[in-house]
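Here's the structure, in structure tokens; my notes come after.
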Amino acid sequence: MTSRFYVTTPIYYVNGAPHIGHAYTSVAADVLARFHRLSGHEVFFLTGTDEHGQKVEQAAQNAGIAPQLFTDRISADFRDMADVMAISYDDFIRTTEPRHIKSAQALWQKVAENGAIYSGAYEGWYALRDECFYGEDELVTGADGVKTAPTGAPVEWVKEPSYFFKLSEYQDRLLELYEKNPEFLGPNSTRREIISFVKQGLRDLSVSRTSFKWGVPVPGDEDHVMYVWFDALANYLSALDYPDMSAEKAAFWPASLHLVGKDIARFHAVYWPAFLMAAGIELPEKIFANGWWTVEGQKMSKSLGNVVDPRELVKEFGLDSVRFFLLREVPFGGDSDLSRKSMIMRNNIELANDLGNLCQRTLSLVARNCGGVVPERRVLTDEDKQLLGQASLLPQLLSDRMAACALTDALEDVWKVIRAGNAYIDHQAPWALRKTDEERMKDVLRVLLDTLRSIATVLQPFMPQSMEKMLVQLGVNENERSFAALEVLLPAGRSLPAPQGIFPRYVEQEAG
RNA sequence: GGCGGCGUAGCUCAGUGGUAGAGCAGGGGAAUCAUAAUCCCUUGGUCGGCGGUUCAAAUCCGUCCGCCGCUACCA
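No gaps in the numbering here: position 489 of the first sequence is 489 in full-length UniProt numbering, and each next residue is one more.
Quick look at the structure:
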């Protein structure tokens with residue numbers, strides 16, 4: 001079955017440098033994209049940057065440069081981060097590109113034509129720092145009588161003409177969407193929060209601004225620029241050349257999955273489907289929100305100065321160790337803590353000791369006792385069948401995990417097989433068989449090689465570089481690394497390269 | 001205030017009606033092929049408190065305590 005898989009990360013807002021949270025969402029999306037490619041599916045994987053809005057305009061002004069130049073720089077930094085993390089995106093979209101602007105305007109026009117946009121005026125307390133309006137009852141009056149936003153940001157009374165989107169008309173249809181398609185929104189905690197939010201009643205949404213210029217002009221009314229979220233969400237369509245639905249890429253719509261941080265779940269689970277309904281466009285199949293990272297138990301923030309650049313971690317621990325850690329440490333969907341200690345523990349125990357060492361001891365036995373040549377697969381004992389059976393179930397097992405965005409559980413499934421592999425080699429003791437039954441020793445090593453091949457194959461999406469190395473050492477050619485290829489046994493007699501450690505143990509430097 | 005989540009072994013968590021589980025940490029043993037890695041056995045919990053339903057509850061209901069999230073335009 002050839003099927004299409006279209007997965008997206010959020011487009012990241014360029015008001016700050018990329019950090020571990022951005023990398024996390026991107027790595028997760030990357031794992032899914034790579035997994036589907038190995039499954040033989042046609043994949044389109046989109047990431048990019050969100051570059052409009054008053055905050056960006058002002059940040060550029062503060063930096064004393066033109067907004068475009070400012071966003072060029074930061075967007076390039078996000079792209080660099082994606083490249084360092086080996087994110088295998090098929091397209092990197094920027095909301096300042098002409099193709100996006102054209103597309104966002106087309107979407108607006110469609111929604112307007114269908115009568116879902118009207119003009120009015122917005123007035124209220126506006127906090128520039130938060131870039132949002134607050135209700136009177138939300139404001140905090142300080143000792144000096146000055147009103148501030150609940151976030152502490154200064155507010156001012158602003159009145160401006162605005163276009164509104166008739167969000168209030170979509171409440172029922174949205175609730176029906178969530179009810180009829182429980183898979184549409186995950187994880188469950190997010191789903192409940194969103195449902196609860198929508199049930200409270202939806203107000204029409206102000207979708208344009210006149211107070212600044214750095215945005216996509218509203219078609220037919222150049223005094224207005226689009227509200228950043230209308231602009232930003234359109235990226236998922238503009239990358240497919242919307243509104244040209246005959247374009248080759250258009251076949252990827254509807255998106256299979258929008259992966260997002262939990263903070264922006266609402267925009268994706270409420271506004272986005274409503275916009276699409278209004279435009280008469282099919283809805284994405286699934287929205288999944290991932291949690292936040294804390295660092296050494298503390299919230300990551302600029303003021304604490306503990307914002308982690310993923311590239312620094314990669315420099316110290318290596319790419320795959322970091323990718324593995326991000327997805328292994330906690331259930332995908334929940335919040336997680338990043339600490340040196342846990343980072344080192346995961347690397348040393350699960351990568352170096354469990355997986356790396358299993359591979360190394362197997363390969364060195366083959367190198368020393370089989371002349372470095374892959375032995376034949378012959379008659380299997382019950383123990384052999386048991387281990388091989390577990391390994392052969394992995395592709396299907398993981399496929400189910402991926403569909404549910406259960407990336408952490410997927411890794412746990414693989415590690416069960418790795419632990420079983422270590423138990424198997426100990427129980428079979430090929431180093432002892434060498435003296436008593438050389439043929440059986442070879443059978444055991446062959447079983448281990450085949451098991452490791454399955455493991456390395458399914459782990460490719462998580463740790464592409466290390467698994468590439470491992471598959472080379474196992475004698476698996478490039479065209480033999482898909483899930484389909486696992487069905488065919490490697491021929492005996494293939495010569496293996498000299499084994500080399502793949503996951504070095506991390507030794508903490510003595511504190512000086 | 002309203003809605004929701006969580007509270008299970010020292011730590012991180014899984015487990016939604018039928019004799020309490022995993023990984024890590026701790027203790028004992030085996031082995032020595034391997035990155036001093038691995039394997040086997042084992043200590044450890046009145047499943048937040050109380051009450052209820054049931055032949056039977058971590059699992060359902062009520063209530064209380066503690067922590068957290070969401071409550072409109074902010075990654």
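Ideal Cβ positions, reconstructed from N, Cα and C, are used throughout, including at glycine.
How about residue i and residue j: are their beta carbons less than 7 Å apart?
{"i": "G475", "j": "V373", "result": "no"}
{"i": "P464", "j": "A86", "result": "yes"}
{"i": "M343", "j": "F325", "result": "yes"}
{"i": "D223", "j": "F164", "result": "no"}
{"i": "N422", "j": "L471", "result": "no"}
{"i": "A104", "j": "D309", "result": "no"}
{"i": "V198", "j": "Q171", "result": "yes"}
{"i": "F212", "j": "E97", "result": "no"}
{"i": "V307", "j": "H22", "result": "no"}
{"i": "N348", "j": "R192", "result": "no"}
{"i": "D241", "j": "A247", "result": "yes"}
{"i": "D30", "j": "T95", "result": "no"}
{"i": "N15", "j": "A63", "result": "no"}
{"i": "W293", "j": "L338", "result": "yes"}
{"i": "L398", "j": "V330", "result": "no"}
{"i": "V216", "j": "I93", "result": "no"}
{"i": "L387", "j": "T451", "result": "yes"}
{"i": "W229", "j": "F275", "result": "no"}
{"i": "S88", "j": "F483", "result": "no"}
{"i": "P375", "j": "L445", "result": "yes"}
{"i": "F78", "j": "Y12", "result": "yes"}
Relative to the C-alpha of residue i, which candidate in the options has its C-alpha closest?
{"i": "I264", "options": "S364, N290 and A274", "result": "N290"}
{"i": "A255", "options": "F45, W108, V379 and W157", "result": "F45"}
{"i": "S245", "options": "E282, G21 and L489", "result": "The amino acid at residue 245 is misidentified as Ser; the sequence shows Met. Selected option, being the one with the closest Cα: E282."}
{"i": "P497", "options": "P98, L365, R481 and R419", "result": "L365"}
{"i": "V417", "options": "S482, I455 and D221", "result": "I455"}
{"i": "W253", "options": "Y6, E508 and A59", "result": "Y6"}
{"i": "R34", "options": "M402, S339, L486 and L452", "result": "M402"}
{"i": "D80", "options": "F70, G48 and Y178", "result": "G48"}
{"i": "L259", "options": "Q171, L276, L185 and G201", "result": "L185"}
{"i": "A278", "options": "G501, V111 and V488", "result": "V111"}
{"i": "P243", "options": "Q109, A60 and Y506", "result": "Q109"}
{"i": "P154", "options": "Y126, S162, P161 and L167", "result": "Y126"}
{"i": "A251", "options": "R368, V43, L107 and P187", "result": "V43"}
{"i": "A420", "options": "C405, E468, L486 and L448", "result": "L448"}
{"i": "I502", "options": "N62, L363 and R340", "result": "L363"}
{"i": "A432", "options": "T408, T451, P499 and N369", "result": "N369"}
{"i": "S392", "options": "E438, L489 and G124", "result": "L489"}
{"i": "M441", "options": "L407, A116, K469 and A367", "result": "A367"}
{"i": "P10", "options": "K55, D91 and D72", "result": "D91"}
{"i": "L411", "options": "P461, R37 and L388", "result": "P461"}
{"i": "K55", "options": "A352, E480, W214 and N479", "result": "W214"}
{"i": "L351", "options": "Y118, R446, L319 and V84", "result": "L319"}
{"i": "S321", "options": "D221, L38 and R346", "result": "R346"}
{"i": "K159", "options": "L313, R209 and T190", "result": "R209"}
{"i": "P187", "options": "K249, L257 and R328", "result": "L257"}
{"i": "R328", "options": "W415, Q396 and L313", "result": "W415"}
Based on the DSSP output, what are the partners of residue i in its beta bridges?
{"i": "T289", "result": "Here the sequence assigns Ala to residue 289, which means Thr is not the residue at that position. DSSP output for A289 lists V260 as bridge partner(s)."}
{"i": "V14", "result": "Note: V14 sits in no beta bridge, so no partner."}
{"i": "T49", "result": "Y12 and R94"}
{"i": "I117", "result": "F165"}
{"i": "D337", "result": "T294"}
{"i": "Y6", "result": "F44"}
{"i": "S495", "result": "V373"}
{"i": "P217", "result": "V225"}
{"i": "K299", "result": "T294"}
Need the endpoints of the alpha helix (DSSP H) that residue i sits in, please.
{"i": "M81", "result": "P67 to V84"}
{"i": "V314", "result": "P310 to F317"}
{"i": "V228", "result": "V228 to L233"}
{"i": "L38", "result": "I20 to L38"}
{"i": "G463", "result": "Reading off the sequence shown, one finds Met at residue 463, where the question assumed Gly. Neither: M463 is in no alpha helix (DSSP H) and is coded neither H nor E."}
{"i": "Q54", "result": "Q54 to A63"}
{"i": "E383", "result": "D382 to S392"}
{"i": "F483", "result": "Neither: F483 is in no alpha helix (DSSP H) and is coded neither H nor E."}
{"i": "A279", "result": "W272 to A279"}
Is there at least one non-hydrogen atom of the ligand NAP closer than 6 Å to the beta-carbon of residue i?
{"i": "R203", "result": "The ligand NAP is absent from the structure shown, which contains no ligands of any kind."}
Any beta strand (DSSP E) of 3 or more consecutive residues that is wholly inside the stretch 396-457: Segments of the beta strand (DSSP E) lying fully in the stretch 396-457: there are none.
Continuous beta strand (DSSP E) assignments of at least 3 residues falling wholly in the stretch 156-211: Whole beta strand (DSSP E) segments, 3+ residues: 156-165.
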